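Asker:
2 protein chains.
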Amino acid sequence: MSDEKKKSFKGILLLLAVAVVVFILGLFTSSIMERRAESVAKLKVAADLPEWETRNEEWGKHYPKEFESYLKMADTNFRSMYAGSATVDYLENSPELVIMWAGYGFSKDYLQARGHSYAITDIRNTLRTGGIDKSPMPATCWSCKSPDVPRFMSEKGVAEFYKGKWIDKGQEIINPIGCGDCHDPKTMNLKITRPALIEAMERRGKKIEDFTHQEMRSLVCAQCHVEYYFKGKDKYLTFPWDKGFSADSMEAYYDEIGFKDWTHKLSKTNMLKTQHPDYELFMTGIHAQRGVACADCHMPYKVEGGVKFTDHHIQSPLNNIANSCQVCHRESEAELTKNVNDIQKRVMEIRRIVEKSIAKAHLEAEFAWKSGASEEEMKPVLALIRSAQWRWDWVAAANSVGFHSPVEALRVLGTAIERSEKAQGQLAVIAVRHNLNLPIPLPDVSTKSKAQAYIGLNIEELRKDKEKLKATVIPDWEEKAKARQGAIYKY
Amino acid sequence: MSDEKKKSFKGILLLLAVAVVVFILGLFTSSIMERRAESVAKLKVAADLPEWETRNEEWGKHYPKEFESYLKMADTNFRSMYAGSATVDYLENSPELVIMWAGYGFSKDYLQARGHSYAITDIRNTLRTGGIDKSPMPATCWSCKSPDVPRFMSEKGVAEFYKGKWIDKGQEIINPIGCGDCHDPKTMNLKITRPALIEAMERRGKKIEDFTHQEMRSLVCAQCHVEYYFKGKDKYLTFPWDKGFSADSMEAYYDEIGFKDWTHKLSKTNMLKTQHPDYELFMTGIHAQRGVACADCHMPYKVEGGVKFTDHHIQSPLNNIANSCQVCHRESEAELTKNVNDIQKRVMEIRRIVEKSIAKAHLEAEFAWKSGASEEEMKPVLALIRSAQWRWDWVAAANSVGFHSPVEALRVLGTAIERSEKAQGQLAVIAVRHNLNLPIPLPDVSTKSKAQAYIGLNIEELRKDKEKLKATVIPDWEEKAKARQGAIYKY
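So the sequences go chain by chain: F and B. No gaps in the numbering here: position 344 of the first sequence is 344 in this note's numbering, and each next residue is one more. No gaps in the numbering here: position 151 of the second sequence is 151 in this note's numbering, and each next residue is one more.
Shown next, in the form of structure tokens:
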């Protein structure tokens, strides 16, 4: 090769090398630009969503990452305390609960809750909401199940929503808990859509606008994960927070207004059913005191394709320790899991003591009535049972087996034991006064089915009635909803 | 000035400047060297201390920083739950305790513990150790009070130390808890000087040599801050750990060997007195699980004059948050204090419920006996009272008002409530069976002095006897000790 040619060849090689480098740089730039574009897409305000878009799939078109993570709830149940079962039957595991709730819906059917995307399926399926022949629940029971609830309220009024029977609003409440329950479709800001929370805070002198964004990351959950009751004949959903958030304060509130959820079928006690005071219990714990919000552990941030977003696969942090606990705690997954288990095991030990004690008190009270005990004799006993079960349920009904605030949970359970054991002591005295032998004879209610039979439940009948509802009424609900909103989505 | 002179002047200035800089450098170097020397002094092994040097002042000559910090205990009492009182009189604050300990020393006198340097003063002063006419306690009671204890044991044998009466060994036990209790005088290594801990660990298959240095930083405390009992007629100090460290395991141990600390004067229950199971409770808590040792919070490291040393001013970490809690926790002193208070307040609420309940059970049991209840009727009641009070005391006798492991503390207290309330229920039944009216009439024991009078204590007599001891016997002890060891030191 001549020198001339050599030079020219070298020039071409150099040119090629430069071209390759430039091409690779271009690829990198393109990749970076794409990620940017994705980030920007995330920030894009979905101005084309209508104010009451209740179909989660429609939101999902604009927020695919959030929606994809939301859909994972369909696969995962919340972490179970009991091995080997995806959805725990609490009544099988603790037949005492059947006795404790005799005369109330929870004695019929009480399964471990599943993810939000099951909200509609599960409220339709539970025996608590009944069938066609018997439909015992008020419309208020739909309140937490769907973004269709605030839509309906905005169209026809809040009080109108709560009115009437559960069975009469099934065609309206179609889409499971989702985007519109917590987000403003115009700005994507967090939004309180349930009036009960706004009203309760206002009675406490607080406006929702006064809360910080971090507080809102718990308050959107507190729309539903709280203690509440159905007020008056129109079953207006109300949070009993006027005197405070503690088990003691809420009990004082209920006692003052003489409220009862139901009359116990065996003991005739004017009972309270505590409804998962997750927010109230959590607020007394160390995580809340350190400024942690529900979403920090149950919906931690996640990065995919350069985009940081909130994981909408709401679940136990124990399924996702790396992104939840380990953001703050520098211990291994095994150790953190052990710490939680150690706490829950202790809380469960005490909870079981209380359950057994209260169930026994109900049965003994029934026996006392049958043996001729007077109203006057029974009055203090029933007051103790009411208070004990309220306090037990204040811990038991809340998620986390006390982990959200173990010390407060055990304090409240401690006061429940005191009351329940006192009730039993007084019942023994009544029995002796009526010349009965001790120990008071108790029925065999050692399994769910035995206990349900004892309290007079015909589960077979309830199941048949439910099947009728599913075969006839529910398809009709879906037809009507389809006509209103287009497709019905199933996960 | 000629150029020559100017140059020469400049030269002198330069020389001076250099001299100044060198001088200052020298000062710095000297300062650094001194600090080094101090550090080295700290590390110097005090080879001239005899094996059983029990005078803390003699150790202090070699370890002035540690000793100076130790002496601060003479000024500071442990943090009080109760405002306005330096040394809390627990019996004044909770007269129920007098009833609960009827027939046992603690009903006479129970003050909040003071720092280690008060160990000898306070054991001499308490009414529990009695006077000359009545000296109820065995020599074993000295076991935790002084480095003279292992000295005596090494000279005359362990069993010989435990034998006999408390009053007979006062001339031997002179120097308050100090250096020789936890350190080897030759190497300054941590050392277990109390055979009870070594023996208990051996029965559990563990040798002291197997523990890490960090574990030793708790184990030296566990020589005394544990549950123990006096075994057999020779009162051999024994830790009841053979079945485990929990309240449940130790109770099972005592039940199996049929042990009692005393028979309750009112209820005739075979009682157990729990002795501050600080180590056992702490080991169930999150701090222990994270590898924290007692010394980390109660004796944190300190730097003075370039020397890092362990602060021997043993006290509540709440008096020293910056060096204890804040080494790990990045929250303000106010917030950390609030967190501890929140926990202790809840534990105290439940503890008080149990105290009132157990005291009532004792009084009602006394009434039942007086009303003719039979052994057979009372047996299950007394078993419940024994178990309830053991469990209450397991938490109450330990330092920290449950903070060392709040969840375990509340679990154990929860089981105490259950037992105590059951006992009361059964007592009510017994009363009714014996045709007595309910509620069972109870005496007025609402103050310490009323309660002490009720259980038949003549406190005035006990005080006079104590004064006699202080006027005659104690000076004699000190004379004898002086003859043996030279000066007697008082802080």
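Virtual Cβ for every residue (Gly too), placed ideally from N, Cα, C. As the structure is a computational prediction, the values presented were derived from the model and not from experiment.
Would a check of beta-carbon distances place Ala359 of chain F closer than 8 Å to chain B?
Answerer: So, not an interface residue.
Asker: Applying the 10 Å Cβ sphere with the 16-neighbour rule, what's the burial state of Pro439 of chain F?
Answerer: Under this definition Pro439 of chain F is an exposed residue.
Asker: Taking 8 Å as the CB-CB limit, is Glu408 of chain F close to chain B?
Answerer: So yes, Glu408 of chain F belongs to the interface.
Asker: Below 7 Å on C-beta distance, what does Val432 of chain F contact in chain B?
Answerer: Those are Val429, Val432, Arg433, listed as they occur along chain B.
Asker: What's the gap between the Cα of Lys268 of chain F and the Cα of Leu384 of chain F?
Answerer: For Lys268 of chain F and Leu384 of chain F, the distance between alpha carbons rounds to 13 Å.
Asker: Does Met100 of chain F come out as helix, strand or coil in the three-state DSSP assignment?
Answerer: Reduced to three states, the DSSP call for Met100 of chain F is helix.
Asker: Under a Cβ-count criterion, where at least 16 other Cβ atoms within 10 Å of its own Cβ denotes burial, should Gln426 of chain B be classed as buried or exposed?
Answerer: So Gln426 of chain B counts as buried.
Asker: Residues in the same chain with beta-carbon distance under 6 Å from Ile177 of chain F, minus the five sequence neighbours each way, listed in chain order, please.
Answerer: Cβ within range, chain order: His116, Ala119.
Asker: Within its chain, find whatever has a CB closer than 7 Å to the CB of Pro240 of chain B; leave out the 5 residues flanking it on each side and keep chain order.
Answerer: Here the set comprises Glu227, Tyr229, Met250, Tyr253, Tyr254.
Asker: For the region 286-312 of chain B, which residues have a beta carbon sitting closer than 9 Å to at least one beta carbon of chain F?
Answerer: Hits within the stretch, in order: Ile286, Gln289, Arg290.
Asker: For Thr263 of chain F, does the three-state DSSP call read helix, strand or coil?
Answerer: Thr263 of chain F: strand per DSSP, three-state reduction.
Asker: Is there contact between the region 124-132 of chain B and the region 463-472 of chain B, where contact requires at least three CB pairs shorter than 8 Å?
Answerer: A contact exists between the region 124-132 of chain B and the region 463-472 of chain B.
Asker: What would DSSP say about His183 of chain F, mapped onto helix, strand or coil?
Answerer: The answer is strand: DSSP assigns His183 of chain F an E or B state.
Asker: Out of F:Leu190, F:Lys108, F:Pro443, which one is the CA nearest neighbour of Thr126 of chain F?
Answerer: Out of F:Leu190, F:Lys108, F:Pro443, F:Lys108 has the C-alpha closest to the C-alpha of Thr126 of chain F.
Asker: Would Ala139 of chain F and Lys169 of chain F be called neighbours here (beta carbons separated by less than 8 Å)?
Answerer: Yes; because the gap between Cβ atoms is below 8 Å, this pair is in contact.
Asker: Please state whether the Cβ-Cβ distance between Tyr279 of chain F and Ala222 of chain F is less than 8 Å.
Answerer: Yes; because the gap between Cβ atoms is below 8 Å, this pair is in contact.
Asker: Per DSSP, which one or two residues make a beta bridge with Asn270 of chain F?
Answerer: F:Thr263.
Asker: State the Cα-Cα distance for the pair Thr212 of chain B and Ser218 of chain B, rounded to the nearest angstrom.
Answerer: Distance between the alpha carbons of Thr212 of chain B and Ser218 of chain B is about 10 Å.
Asker: Taking the alpha carbon of Thr274 of chain B as the reference point, which residue from B:Gly105, B:Asp444, B:Gly285, B:Thr310 has its own alpha carbon closest?
Answerer: Of B:Gly105, B:Asp444, B:Gly285, B:Thr310, the residue nearest in Cα terms is B:Gly105.
Asker: Does any CB atom of chain F fall closer than 8 Å to the CB of Gln171 of chain B?
Answerer: Chain F, which has no Cβ nearer than 8 Å to the Cβ of Gln171 of chain B, makes this no.
Asker: Can you name the residues of chain B whose CB is closer than 7 Å to the CB of Ile343 of chain F?
Answerer: Residues of chain B passing the Cβ test: Val407.
Asker: Helix, strand or coil for Glu165 of chain F? Go by DSSP, reduced to three states.
Answerer: Contrary to the premise, residue 165 of chain F reads as Lys rather than Glu in this sequence. Three-state DSSP puts Lys165 of chain F in a strand.
Asker: Mapping DSSP to helix, strand and coil, what is Tyr229 of chain B?
Answerer: Tyr229 of chain B falls in the strand class under three-state DSSP.
Asker: Mind checking whether the beta-carbon of Ser400 of chain F lies closer than 7 Å to any heavy atom of the ligand PLP?
Answerer: Absent from the structure shown: the ligand PLP. Ligands present: none.
Asker: In this structure, what does DSSP give as the bridge partners for Lys308 of chain F?
Answerer: BP columns for Lys308 of chain F point to F:Val303.
Asker: To the nearest whole angstrom, what separates the beta carbons of Val401 of chain B and Val347 of chain B, a pair I think is in contact under 8 Å?
Answerer: About 5 Å; that satisfies the 8 Å criterion.
Asker: Anything in chain B within Cβ reach of Arg411 of chain F, meaning under 7 Å, just list it in chain order.
Answerer: Neighbours of Arg411 of chain F on chain B, chain order: Arg346, Glu349, Ile350, Leu410.
Asker: Determine the burial state of Ala334 of chain F: buried for a count of at least 16 other Cβ atoms within 10 Å of its Cβ, exposed for fewer.
Answerer: Classification of Ala334 of chain F: exposed, given that the 10 Å Cβ count is below 16.
Asker: Establish whether the CB of Gly244 of chain F and some CB of chain B are separated by less than 8 Å.
Answerer: Answer no: the Cβ-Cβ gap between Gly244 of chain F and chain B never drops below 8 Å.
Asker: Give every residue of the same chain whose Cβ lies closer than 6 Å to the Cβ of Cys179 of chain F, excluding the five residues on either side of it in the sequence, and list them in chain order.
Answerer: So the list reads Asn56, Trp59, once near-sequence residues are dropped.
Asker: Does the distance from the C-beta atom of Asn323 of chain B to that of Lys302 of chain B stay below 8 Å?
Answerer: Contact flag set, yes.
Asker: Three or more C-beta pairs closer than 8 Å, one from the region 352-367 of chain B and one from the region 442-454 of chain B: is that the case here?
Answerer: Judged by Cβ distances under 8 Å, the region 352-367 of chain B makes contact with the region 442-454 of chain B, as three or more pairs qualify.
Asker: Can you give me the Cβ contacts of Tyr90 of chain B inside the same chain, cut-off strictly under 8 Å, excluding the 5 residues immediately before and after it?
Answerer: Answer for Tyr90 of chain B: Leu97, Tyr110, Leu111, Gln112, listed in chain order.
Asker: Straight-line CA distance for Phe78 of chain F to Ile455 of chain F?
Answerer: With a pLDDT of only 45 at Phe78 of chain F, under the threshold of 50, the placement of this residue in the model should not be trusted, and no figure is reported.
Asker: Give the straight-line distance between the Cα atoms of Lys450 of chain F and Arg352 of chain F, rounded to the nearest whole angstrom.
Answerer: Roughly 19 Å between the two C-alpha positions.
Asker: From Met493 of chain B to Lys156 of chain B, what does the alpha carbon distance come to, in whole angstroms?
Answerer: Missing from the structure shown is residue 493 of chain B; chain B here goes from 1 to 491 and no further.
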